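Each remark here refers to the structure printed beneath this line.
Number of protein chains: 2
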Amino acid sequence: MSQVTAPQDGAAVLDAEEIEQISRAAWYYYNDGLTQNQIADMLGVSRIKVSRLLEKGRQSGLIELRINSPHQGSMALQEELIAAFGLADARVVPAAPVGTAGAARIGRAAASLLMQHLVPNDLLAIGWGDATSTTLRYMAPVFPQSNISLVSLTGGVSAYIGTTGLYGPQGFAHLIPTPLRVSSPELAEMLRLEPYVRHVLDMALTAKLAMIGVGSVARSATLVRYGYCTATEIELFTRRGAVGDILGYFYDRDGQILDLEVHRHVVAVTPQDMRQIPSVVAAAAGPEKVEAILGLLRGRLANILVTDEPTARDLLRRI
Amino acid sequence: MSQVTAPQDGAAVLDAEEIEQISRAAWYYYNDGLTQNQIADMLGVSRIKVSRLLEKGRQSGLIELRINSPHQGSMALQEELIAAFGLADARVVPAAPVGTAGAARIGRAAASLLMQHLVPNDLLAIGWGDATSTTLRYMAPVFPQSNISLVSLTGGVSAYIGTTGLYGPQGFAHLIPTPLRVSSPELAEMLRLEPYVRHVLDMALTAKLAMIGVGSVARSATLVRYGYCTATEIELFTRRGAVGDILGYFYDRDGQILDLEVHRHVVAVTPQDMRQIPSVVAAAAGPEKVEAILGLLRGRLANILVTDEPTARDLLRRI
DNA sequence: ATTTGCATGGAACAAATGATCGGTAGCAGA
DNA sequence: TCTGCTACCGATCATTTGTTCCATGCAAAT
Numbered sequence: 001m002s003q004v005t006a007p008q009d010g011a012a013v014l015d016a017e018e019i020e021q022i023s024r025a026a027w028y029y030y031n032d033g034l035t036q037n038q039i040a041d042m043l044g045v046s047r048i049k050v051s052r053l054l055e056k057g058r059q060s061g062l063i064e065l066r067i068n069s070p071h072q073g074s075m076a077l078q079e080e081l082i083a084a085f086g087l088a089d090a091r092v093v094p095a096a097p098v099g100t101a102g103a104a105r106i107g108r109a110a111a112s113l114l115m116q117h118l119v120p121n122d123l124l125a126i127g128w129g130d131a132t133s134t135t136l137r138y139m140a141p142v143f144p145q146s147n148i149s150l151v152s153l154t155g156g157v158s159a160y161i162g163t164t165g166l167y168g169p170q171g172f173a174h175l176i177p178t179p180l181r182v183s184s185p186e187l188a189e190m191l192r193l194e195p196y197v198r199h200v201l202d203m204a205l206t207a208k209l210a211m212i213g214v215g216s217v218a219r220s221a222t223l224v225r226y227g228y229c230t231a232t233e234i235e236l237f238t239r240r241g242a243v244g245d246i247l248g249y250f251y252d253r254d255g256q257i258l259d260l261e262v263h264r265h266v267v268a269v270t271p272q273d274m275r276q277i278p279s280v281v282a283a284a285a286g287p288e289k290v291e292a293i294l295g296l297l298r299g300r301l302a303n304i305l306v307t308d309e310p311t312a313r314d315l316l317r318r319i
Numbered sequence: 001m002s003q004v005t006a007p008q009d010g011a012a013v014l015d016a017e018e019i020e021q022i023s024r025a026a027w028y029y030y031n032d033g034l035t036q037n038q039i040a041d042m043l044g045v046s047r048i049k050v051s052r053l054l055e056k057g058r059q060s061g062l063i064e065l066r067i068n069s070p071h072q073g074s075m076a077l078q079e080e081l082i083a084a085f086g087l088a089d090a091r092v093v094p095a096a097p098v099g100t101a102g103a104a105r106i107g108r109a110a111a112s113l114l115m116q117h118l119v120p121n122d123l124l125a126i127g128w129g130d131a132t133s134t135t136l137r138y139m140a141p142v143f144p145q146s147n148i149s150l151v152s153l154t155g156g157v158s159a160y161i162g163t164t165g166l167y168g169p170q171g172f173a174h175l176i177p178t179p180l181r182v183s184s185p186e187l188a189e190m191l192r193l194e195p196y197v198r199h200v201l202d203m204a205l206t207a208k209l210a211m212i213g214v215g216s217v218a219r220s221a222t223l224v225r226y227g228y229c230t231a232t233e234i235e236l237f238t239r240r241g242a243v244g245d246i247l248g249y250f251y252d253r254d255g256q257i258l259d260l261e262v263h264r265h266v267v268a269v270t271p272q273d274m275r276q277i278p279s280v281v282a283a284a285a286g287p288e289k290v291e292a293i294l295g296l297l298r299g300r301l302a303n304i305l306v307t308d309e310p311t312a313r314d315l316l317r318r319i
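Note that the protein sequences, when read in sequence, are chains A and B.
No gaps in the numbering here: position 18 of the first sequence is 18 in full-length UniProt numbering, and each next residue is one more.
No gaps in the numbering here: position 199 of the second sequence is 199 in full-length UniProt numbering, and each next residue is one more.
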């Protein structure tokens, strides 16, 4: 089983003092319009340092840009998506510049959306995937102080949570301590019945908000890259009608979960159970995901969508 | 009666198309880190135009920079204020750089706070003063699309609402169409009983959120500058124990409303009635306001405070 | 004691940004 | 029609910003 390597740069861990310094610099810079030199004088550090502080603040998600327009997003597309698919909310980010990684952009938008919905002491359920991972990266600096807890919907999440290093001692995160997929149905069943696993699975269903990624059925799918599936298996599922997956479960173009052997190997909340969660945020973008998102929305497997502009247009074109 | 002149630059009025363009540019610039040149190419406009779009977005409050730390503000001072005065919330902005106008900074922070509390179709009650005025400036672009309505707590507000030009035809704003202070108690009483005035006064009390400024008793008080009081009167009130005013009513160091003749000339909701509003946000900063804020907080005339760092320290020093 | 790693500060440079200026197009009124 | 008047637009230029390379200092590890 291939290990999950830290995707890009490790999420910076910020201590309270640094957060204070960044906040201060950010205020002076963005709200007061001072130059970095002036700020450096006021803070008693070098101009370079101010530049680095601001950079770190932006990278870590501590400094967030919010655009205030209809429902705090923009683009008429959002309204169309909401109307067309009966969603509770949607967020559409502008088209990706050129060859930039989509997941990071979507993740940022999703983080912003989640933070607007979350209140202190909330519980956030999280699924599996690139988009989920990057979303957490941007939210990480906020959690500790807001008393927001995490709970995983699937196994295999611990890998990329661990890398943030934020959830060490206090344990704000309740993770299913298993892989996403195990080698036999019997083992999967045993794990699901394991008290702590069961406890986490139950807890996940009490969350008010869930955030999941959407997997496509491509040879380069994240599931394949991480070694949970082989390209051959994906091929097979496709012939059975699969257009995408959530939480490791594959579904067809109408969002119906397929009856596949592999599902019996998965340690995760089922999409059926997940309907108990009032708000399920799906984040995904890219031409290869269009079919998967369509199925997801047709099957009402999620009611909030975060995507980008071209993907939104594609979705609307195919009703 | 001196007219209210447009304080600084008139609030820019943005049409839907421009908002779209600004949103898009802002995303590419702040979230994707593209240069203005690249954005210009993508949008098909000149680089300088992008620069101006971004500038306009920041000025108008459409682009908001949010700093995520404890309860989306920063500074341990906030917690101390909340604890010391039994507040529902507080926001402390860093010390003002040098001789910059405090009201604008506080206004921006207040706008950010209000936008986080408001949901579409809410009603926001507003008082009188510089801070209130600048706060509205930053919120103006957001209102029309969010279906947020305004209602004034006092007379004399229409002057600076009118300047934004935003509330022309649709009438999202319900303003008391009188001056703050009139020349005789009889006239004030007649106006208060006037059906429409009465209607607005009643409506104001149904708001969930109110935003007020805090007046100091200085020769340079805003009330004096705008001609509603003479410096001599202020002098007199001070000798009677006044430390500040809200909505045109003066109170003493314990927040008790004084029994002054001038109060009978005021057309406004009374501080007593305002207690019906669950969240009252007071925004003020500066050494000359410290006594006024202290009285306000002691008398529980507001339960949310927006101020700056030196003021917060002063407040805490004097318990 | 030495080494190693890391955060910081400084200098210098290239890139990006914002401000100023003049030009042009619309537009109201004489 | 002409004359201001305003708003927008683009070019130029000074300032600001980010980056690179190197030196320094501190602290943990050897």
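Ideal Cβ placement from N, Cα and C applies to all residues, glycine included.
Every value quoted in this text rests on a predicted model; they were computed, and no experiment measured them.
Whole-angstrom distance between residue j and residue i, CA atom to CA atom
i        : j        : result
Gly93/A  : Gly215/A : It is worth fixing the name first, because residue 93/A is Val in this sequence and not Gly. Distance between the alpha carbons of Val93/A and Gly215/A: 19 Å.
Met115/B : Phe172/B : 16 Å
Gly168/A : Ser146/A : Unreliable positioning characterises Gly168/A in this predicted model, as indicated by a pLDDT of 44, which lies under 50. The coordinate reading is nonetheless provided below. Distance between the alpha carbons of Gly168/A and Ser146/A is about 16 Å.
Pro271/B : Gly299/A : 53 Å
Gly248/B : Ala283/B : 15 Å
Gly227/A : Val269/A : 20 Å
Leu62/A  : Val142/A : 7 Å
Leu294/B : Leu315/B : 7 Å
Leu53/B  : Leu34/A  : 19 Å
Tyr28/A  : Ser152/B : 32 Å
Glu235/B : Ala88/B  : 33 Å
Ile277/B : Ala103/B : 24 Å
Thr238/B : Gly244/B : 9 Å
Ala26/B  : Asp252/B : 47 Å
Gly10/A  : Asn37/B  : Annotation note: pLDDT 41 at Gly10/A (below 50); position unreliable, coordinate value reported separately. Each residue's alpha carbon lies about 30 Å from the other.
Asp178/A : Met211/A : Residue 178/A is actually Thr in this sequence, not Asp. The alpha-carbon atoms of Thr178/A and Met211/A are separated by roughly 19 Å.
Pro120/B : His117/A : 14 Å
Leu193/A : Arg225/A : 29 Å
Arg240/A : Arg24/A  : 56 Å
Glu17/B  : Ala76/A  : 10 Å
Ser51/A  : Asn68/B  : 19 Å
Gly213/A : Tyr196/A : 24 Å
Gln219/A : Leu65/B  : Note on identity: in this sequence residue 219/A is Arg, with Gln being the wrong assignment. Approximately 40 Å, taken between the alpha carbons.
Leu301/A : Val281/A : 10 Å
Gln256/A : Val217/A : 15 Å
Ala110/B : Leu305/B : 9 Å
Glu233/A : Leu187/A : 20 Å
Leu296/A : Leu180/A : 20 Å
Ser183/B : Leu150/B : 27 Å
Leu258/A : Ile246/A : 12 Å
Residue span of the beta strand (DSSP E) that contains residue i, given as start and end
i        : result
Thr307/B : 304–308
Asp245/A : 244–246
Ile212/B : 209–213
Leu150/A : 149–152
Tyr249/A : 249–251
Range covered by the alpha helix (DSSP H) that runs through residue i
i        : result
Phe237/A : 231–239
Ala292/B : 290–298
Arg219/B : Premise fails: Arg219/B is in no alpha helix (DSSP H) and is neither H nor E.
Short-range partners of chain B found in the stretch 206–226 of chain A, where Cβ spacing is below 7 Å: none
Positions along the stretch 291–314 of chain A whose CB lies within less than 8 Å of some CB in chain B: none
4-residue-minimum alpha helix (DSSP H) runs that sit fully inside the stretch 8–95 of chain A, ordered along the chain: 16–26, 36–43, 47–60, 76–85
Contact list for the stretch 133–149 of chain B against chain A, Cβ threshold 8 Å: Pro141, Val142, Gln145, Ser146
The stretch 252–266 of chain B / the stretch 277–288 of chain B touching (three or more Cβ pairs under 8 Å): no
Whole beta strand (DSSP E) elements within the stretch 101–144 of chain A, 3-residue minimum: 123–126
Positions along the stretch 30–44 of chain A whose CB lies within less than 8 Å of some CB in chain B: Tyr30, Asn31, Asp32, Leu34, Gln38, Met42
Sufficient close CB pairs (3 or more, under 8 Å) joining the stretch 120–133 of chain A to the stretch 201–212 of chain A: yes
Contact list for the stretch 81–113 of chain A against chain B, Cβ threshold 7 Å: Val93, Pro94, Pro97, Thr100, Arg105, Arg108
In chain order, each alpha helix (DSSP H) run of at least 4 residues that lies wholly inside the stretch 261–288 of chain B: 271–274
Complete beta strand (DSSP E) runs within the stretch 173–203 of chain A (minimum length 3 residues, chain order): none
Contact set between the stretch 277–289 of chain B and chain A, restricted to residues whose Cβ is under 9 Å from the partner: none
Within 9 Å of chain B by C-beta, residues of the stretch 119–131 of chain A in sequence order: Pro120
Chain B contacts from the stretch 15–28 of chain A (Cβ-Cβ distance under 7 Å): Ile19, Glu20, Ser23, Arg24, Ala26, Trp27, Tyr28
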